[in-house]
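Student: Just passing along the structure, written as structure tokens.
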Amino acid sequence: MKYKTTIILIAFIALIFSSGFSFKDKDFQKNPVVTQAYQDSVKKVAIADSLKTLEAKKYKLHKKNAHASYYADKFTGRRTASGKIFDNKKYTAAHRKFPFGTKLRITNEANGKSVIVEVTDRGPFTKGKEIDLTKKAFMEIASARYGGHLKVTIEVMQ
161 MKYKTTIILI AFIALIFSSG FSFKDKDFQK NPVVTQAYQD SVKKVAIADS LKTLEAKKYK
221 LHKKNAHASY YADKFTGRRT ASGKIFDNKK YTAAHRKFPF GTKLRITNEA NGKSVIVEVT
281 DRGPFTKGKE IDLTKKAFME IASARYGGHL KVTIEVMQ
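In this note's numbering, the protein residues as written are 161 to 318.
Rendered as structure tokens:
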């Protein structure tokens with residue numbers, strides 16, 4: 161119900177502005193509901209734009225079309241190269257070069273879903289693979305019931 165109300169309100173505001181109506185009109189300024197709705201929608205747009213700008217500055221592209229896979233369950237409970245205990249239910253990853261603790265945004269190129277992981281291990285050491293994700297991180301960006309490998313974009317958090 162709220163969704164329909166929001167759409168109707170946005171359509172009403174768009175109609176007002178397309179007809180050349182301005183805030184200088186006395187009747188419009190007297191209606192606090194319309195004025196508040198307009199101010200709220202402007203704030204939401206401004207916040208969304210600033211978040212997109214911040215998001216763009218926050219990450220640096222490392223590699224597109226990288227091959228990602230996930231850890232087998234047999235590694236759970238073992239120590240990683242950083243000394244931490246591996247848990248397949250966390251958001252961590254293995255990469256050959258990034259320093260331990262580096263935060264990466266991994267985005268599935270097929271569906272646009274992304275996840276933020278921390279590098280805690282070295283690998284994968286199989287030719288052609290760029291990054292190993294925990295099962296939880298991998299399944300979050302993969303399509304439903306998908307297993308194996310994905311083509312992903314790797315971005316480094318600044």
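Cβ coordinates follow ideal geometry from the N, Cα and C atoms, glycine included.
Round the Cβ separation of Arg-256 and Arg-239 to the nearest angstrom and send it over; I've been treating them as touching at under 8 Å.
Tutor: Incorrect: roughly 18 Å between the Cβ atoms, too far for contact.
Student: Nearest CA to the CA of Lys-296: which residue from Thr-313, Gln-318 and Val-277?
Tutor: Val-277
Student: Where Ala-253 and Lys-218 are concerned, what is the direct C-alpha to C-alpha distance, given to the nearest angstrom?
Tutor: 19 Å
Student: Please check the pair Tyr-251 and Thr-294, which I expect to be a contact at CB under 8 Å, by giving their CB distance rounded to whole angstroms.
Tutor: 7 Å
Student: Return the residue from the list Met-299, Thr-286, Gly-308 and Val-279 that minimises the CA-CA distance to Glu-315.
Tutor: Val-279
Student: Quick check on this structure: which residue in Lys-234, Thr-262 and Asn-225 has the alpha carbon closest to the alpha carbon of Asp-247?
Tutor: Lys-234
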